[in-house]
Amino acid sequence: MQKPIIRIDQVDVEYAAEGNATRRVLNGINLEIGGGEFISIVGQTGCGKSTLLRLILGEQRPTRGRVLVNGRERSQPDRLCGYVPQKYSLFSDKTVLDNLTFGPDVAEFGAFPMLWPGRRKRMREFRGEALQFLKQMGLDESDARKYPHELSGGMQQRVAIAQALIMKPPILLMDEAFSALDPGTRRGMQKLIKKLWRDSGTTIVFVTHNTREAVWLGTRVIALGGASLFERTVSHIDFDADEDHIQFVIRDIETQTQADRNVRIEREESQKRRLAEAILPS
Amino acid sequence: MSLLKLHATPNRTTAWLLSWLLFAGGVTSYFYVAEQRHKDNPDDRVMPTATQMIKAFQDATLKPAEEDNADDDAAPAPLFTRVRSSMLWKDTIATGRRFLISIALLFPAVLLGLHMAMFPYIGAFFLRFIQFFDKIVALSLLPILFIAFGIDELSKIMLIVIGVTPTIILDTFNLSKGVPREQIVKAFTLGAADFAVTYRIVFKQILPRVLNSIRLNLKAVMLFLFAGEMIASTDGLAYRIALLRRHMGMDTIIPYVLWVALLLFLVDLTMHAFNRKLHPWFQE
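Sequence order for the protein chains is A and B.
Using numbering that gives the first Met the number 0, the first residue of the first sequence is number 0, and each one after it goes up by one.
Using numbering that gives the first Met the number 0, the first residue of the second sequence is number 0, and each one after it goes up by one.
See the structure below:
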């Protein structure tokens with residue numbers, strides 16, 4: 000593994016539950032992600048995979064522990080991490096072209112772009128670059144004038160990926176980015192993101208609940224369950240990989256995830272029993 | 000009966016005819032009753048006939064107001080000059096000016112609501128106070144406003160500000176809070192700073208809804224404006240209606256009421272068209 004670009008150090012995340020109780024979603028998580036890795040984070044609903052992504056993004060702070068990106072603790076989302084969510088991935092008030100040029104434009108001209116005299120010339124350059132990206136994503140130039148609601152789900156996510164990559168972020172975080180797509184489009188998008196990762200060398204952290212997708216895409220699969228974490232390295236798996244081997248890795252991860260889930264359920268049941276014994280008169 | 004089926008689909012002509020039926024029924028009933036009343040009592044002033052209303056409306060649009068002391072013996076002026084010095088024109092301009100000032104004052108309210116939603120310290124500072132302020136019945140403040148600001152324009156404008164701005168502020172606040180968090184996070188990851196996110200993402204996304212909210216509040220703006228004009232004014236559409244009420248001038252009051260409704264309808268229509276033109280991406 001290359002020098003770590005992301006370091007997660009003894010991280011706990013707790014949410015307020017009913018009454019004064021708290022619910023621990025992540026428990027003492029340690030994780031290092033090297034530059035240029037493609038990490039898949041997999042786990043069942045509510046296991047904390049999106050929370051882990053938000054920690055790296057800087058959108059959420061851990062209850063305990065530290066999250067470092069490029070050696071600096073995260074305080075808020077910034078240009079270090081590109082972001083492609085499942086929903087609302089594009090700005091609905093902007094055309095495809097404006098969505099793509101928004102990043103370069105706002106990074107250079109800020110909140111009041113109309114005050115800058117040289118903006119028009121720069122915007123022409125940004126548009127040229129955006130159209131190149133659009134082609135790279137397999138979209139047509141005629142799509143550039145469309146609004147997001149005029150595009151299919153797959154096209155929207157292609158534009159969202161291009162929008163993030165145009166800023167050349169060292170890290171790209173994708174939160175269930177393909178979950179809402181039909182199987183055919185999803186497969187196409189998986190191939191596209193794998194190609195983009197190979198070409199750009201960007202570190203990708205990909206959250207999914209689909210184990211097969213996680214195994215296909217990631218060089219490492221991080222499985223979350225029972226508020227803890229375990230890893231499987233799957234760098235040799237690709238679309239053309241031996242199906243038996245893929246099935247073996249998937250079964251292995253799912254068994255471990257299920258085992259972790261059982262441990263969590265048992266722990267919660269035991270907590271409830273202890274609480275009931277303490278409250279109810281003997 | 001197929002007319003009352005949930006899946007009934009009236010054709011365009013039927014739907015168009017149905018939409019005008021109540022208007023036609025209302026107008027016909029009014030003029031029928033008015034004619035009957037005038038047969039019984041030719042001096043009836045409660046329900047003027049169409050002829051009386053047309054005559055009164057012509058007078059309002061072509062003759063100056065009584066208080067302007069026009070010289071009846073003077074040579075007749077050109078039509079445009081007569082309309083511009085007419086009672087209706089004078090009242091419309093007076094009310095329109097107050098109305099536009101009030102609408103312009105809603106812009107700072109929108110900005111305040113936006114900043115309250117985006118910047119937690121500003122929100123914490125203003126929210127509780129605005130929520131309380133919103134519950135105050137603006138008309139109950141009318142005497143206080145007249146005492147504090149006098150009976151000039153300021154008190155009437157303040158009445159509208161107090162009556163409508165808290166609603167607009169809270170509405171903008173809620174709309175801004177409703178912008179998906181993903182969009183804000185995404186903007187940050189693309190290099191936007193706090194103010195760029197506020198103005199270039201959130202404000203742009205809520206603007207069509209804010210304009211719709213202002214459209215919905217146009218009637219409230221007009222209501223407060225009319226209350227102010229009726230009580231303390233020497234010009235304006237509401238002042239005229241209040242004045243004519245004393246003389247039972249229903250032949251002018253009814254056209255005035257319809258004129259106000261038409262103006263408000265046109266303002267609403269213009270804002271709607273403007274909103275659609277400005278925000279083609281917005282799907283209502």
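Ideal placement from N, C-alpha and C gives every residue a C-beta, glycine not left out.
A quick note: this is a predicted structure, and the numbers were derived from the prediction, not measured.
Backbone secondary structure at residue i - three-state DSSP
| i | result |
| --- | --- |
| E31 of chain A | strand |
| L67 of chain A | strand |
| A103 of chain B | helix |
| D181 of chain A | coil |
| E72 of chain A | strand |
| S88 of chain A | coil |
| N216 of chain B | coil |
| M46 of chain B | coil |
| P63 of chain B | coil |
| N261 of chain A | helix |
| P279 of chain B | coil |
| L5 of chain B | coil |
| Q204 of chain B | helix |
| D198 of chain A | helix |
| F238 of chain A | For F238 of chain A, the predicted model reports a pLDDT of 49, less than 50, meaning its position is unreliable and no value from the coordinates is stated. |
| D77 of chain A | coil |
| N40 of chain B | coil |
| T272 of chain A | It should be pointed out that residue 272 of chain A corresponds to Arg in this sequence rather than to Thr. Looking at R272 of chain A - three-state DSSP - the assignment turns out to be helix. |
| L279 of chain A | coil |
| T210 of chain A | helix |
| Q35 of chain B | helix |
| T27 of chain B | helix |
| A93 of chain B | helix |
Where the beta strand (DSSP E) through residue i begins and ends
| i | result |
| --- | --- |
| R6 of chain A | 3–15 |
| Y198 of chain B | Premise fails: Y198 of chain B is in no beta strand (DSSP E) and is neither H nor E. |
| T207 of chain A | 202–207 |
Proximity of residue i and residue j at Cβ, strictly below 7 Å
| i | j | result |
| --- | --- | --- |
| G153 of chain A | I38 of chain A | no |
| L79 of chain A | V66 of chain A | no |
| I213 of chain B | V196 of chain B | no |
| T50 of chain B | L113 of chain B | no |
| Q85 of chain A | E212 of chain A | no |
| S88 of chain A | A16 of chain A | no |
| I40 of chain A | V206 of chain A | yes |
| T233 of chain B | L243 of chain B | no |
| N98 of chain A | F90 of chain A | yes |
| V45 of chain B | V209 of chain B | no |
| V83 of chain A | M173 of chain A | yes |
| R63 of chain A | D8 of chain A | no |
| G227 of chain B | A93 of chain B | no |
| E36 of chain A | T202 of chain A | yes |
| A163 of chain A | L171 of chain A | yes |
| A59 of chain B | T48 of chain B | no |
| Y146 of chain A | T94 of chain A | yes |
| V24 of chain A | G42 of chain A | no |
| L174 of chain B | I205 of chain B | yes |
| V163 of chain B | A237 of chain B | no |
| F124 of chain B | P207 of chain B | no |
| G190 of chain B | G127 of chain A | no |
| I159 of chain B | S101 of chain B | yes |
| L263 of chain B | L217 of chain B | yes |
| G45 of chain A | I4 of chain A | no |
Residue i: first and last residue of the uninterrupted alpha helix (DSSP H) it sits in
| i | result |
| --- | --- |
| V163 of chain B | 152–176 |
| D104 of chain A | 95–108 |
| Y82 of chain A | No alpha helix (DSSP H) contains Y82 of chain A, which is instead part of the beta strand (DSSP E) from 80–83. |
| L171 of chain A | Segment 170–174 is the beta strand (DSSP E) holding L171 of chain A; no alpha helix (DSSP H) there. |
| G42 of chain A | First-last for G42 of chain A: 37–42, but that is the beta strand (DSSP E), not the alpha helix (DSSP H). |
| E181 of chain B | 180–188 |
| R239 of chain B | 236–245 |
| I129 of chain B | 119–134 |
| I49 of chain A | Contrary to the premise, residue 49 of chain A reads as Ser rather than Ile in this sequence. Per DSSP, S49 of chain A belongs to the alpha helix (DSSP H) from 48–56. |
| A147 of chain B | 141–148 |
| L78 of chain B | 78–83 |
Which residues DSSP lists as bridging residue i, in chain order
| i | result |
| --- | --- |
| T285 of chain B | Because residue 285 of chain B is not part of the residues shown, which for chain B are 0 to 283, the question remains open. |
| R23 of chain A | A:E13 |
Would you mind listing the alpha helix (DSSP H) stretches within the stretch 113–167 of chain A that are 4+ residues and don't spill past its ends, in chain order?
-> Whole alpha helix (DSSP H) segments, 4+ residues: 118–135, 152–164.
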